[in-house]
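In the working numbering, the protein residues as written are 27 to 219.
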């Protein structure tokens, strides 16, 4: 069983499941409404970049079937979401309100990853960059909601599930610190953002 799931505590497992639920909510909303109105394409680009850079080690390191399966799900669903936003339902994309300067978040995360990391290597840079970027990737979505002055109910559910996933990951880090003595300052501090 350990080879299938690995060393996963209840907080991480529930957080992972909420993340998957958030993705399902978003993709179901898009498919049922045949629209991406109200969804920030920029946030979704940032999330695709987060998962692509975080999991560049997908084919070089094996943790567990559970972990590697989630890595594949996150990467594939990120790009499916981008396909739906920018190709399939592009005519419903509200580009005029998705104006957050996402490149600033990318550059800031990159600079921070160069200077604040555990050790310097390509894999470490990618992982650290992804941690910093994930902590701010939702900002374009919030900015878009503020500009619109309204949020679709299903997008609200998506954001609630995403926020809950992050909260459970914070509890996961606290649990790991208390029970395993494990503390990752980069992940913990970025997760608190």
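Cβ coordinates follow ideal geometry from the N, Cα and C atoms, glycine included.
From a predicted model like this one, the values you see are computed outputs, not experimental measurements.
Counted within 10 angstroms of its Cβ, other Cβ atoms place residue i as buried (16 or more) or exposed
i: residue 206; result: exposed
i: residue 27; result: With a pLDDT of only 43 at residue 27, under the threshold of 50, the placement of this residue in the model should not be trusted; the figure read from the coordinates follows. Residue 27 should be labelled exposed.
i: residue 202; result: buried
i: residue 29; result: Any answer about residue 29 is weak, because its pLDDT of 45 lies below 50 and its placement is not dependable; what the coordinates show is given next. By the 10 Å Cβ count, residue 29 comes out exposed.
i: residue 264; result: This structure cannot settle anything about residue 264, because the visible part of the chain is limited to 27 through 219.
Residue of the options minimising C-alpha distance to residue i
i: residue 130; options: 113, 159, 118, 182; result: 159
i: residue 64; options: 199, 170, 194; result: 170
i: residue 183; options: 36, 50, 40; result: 50
i: residue 109; options: 43, 138, 145, 67; result: 67
i: residue 98; options: 72, 40, 77, 178; result: 77
i: residue 84; options: 45, 75, 95; result: 95
i: residue 137; options: 178, 154, 149, 104; result: 154
i: residue 37; options: 156, 186, 161, 196; result: 196
i: residue 180; options: 34, 48, 44, 43; result: 48
i: residue 166; options: 152, 132, 127; result: 127
Terminal residues of the alpha helix (DSSP H) in which residue i lies
i: residue 176; result: Neither: residue 176 is in no alpha helix (DSSP H) and is coded neither H nor E.
i: residue 58; result: 36-59
i: residue 110; result: Note, residue 110: premise wrong, no alpha helix (DSSP H); not H, not E.
i: residue 134; result: 128-141
i: residue 158; result: 148-162
- alpha helix (DSSP H) runs contained entirely in the stretch 65-107, provided each spans 4 or more residues: Secondary structure within the stretch 65-107: the alpha helix (DSSP H) runs of 4 or more consecutive residues, fully enclosed, are 67-80 (chain order).
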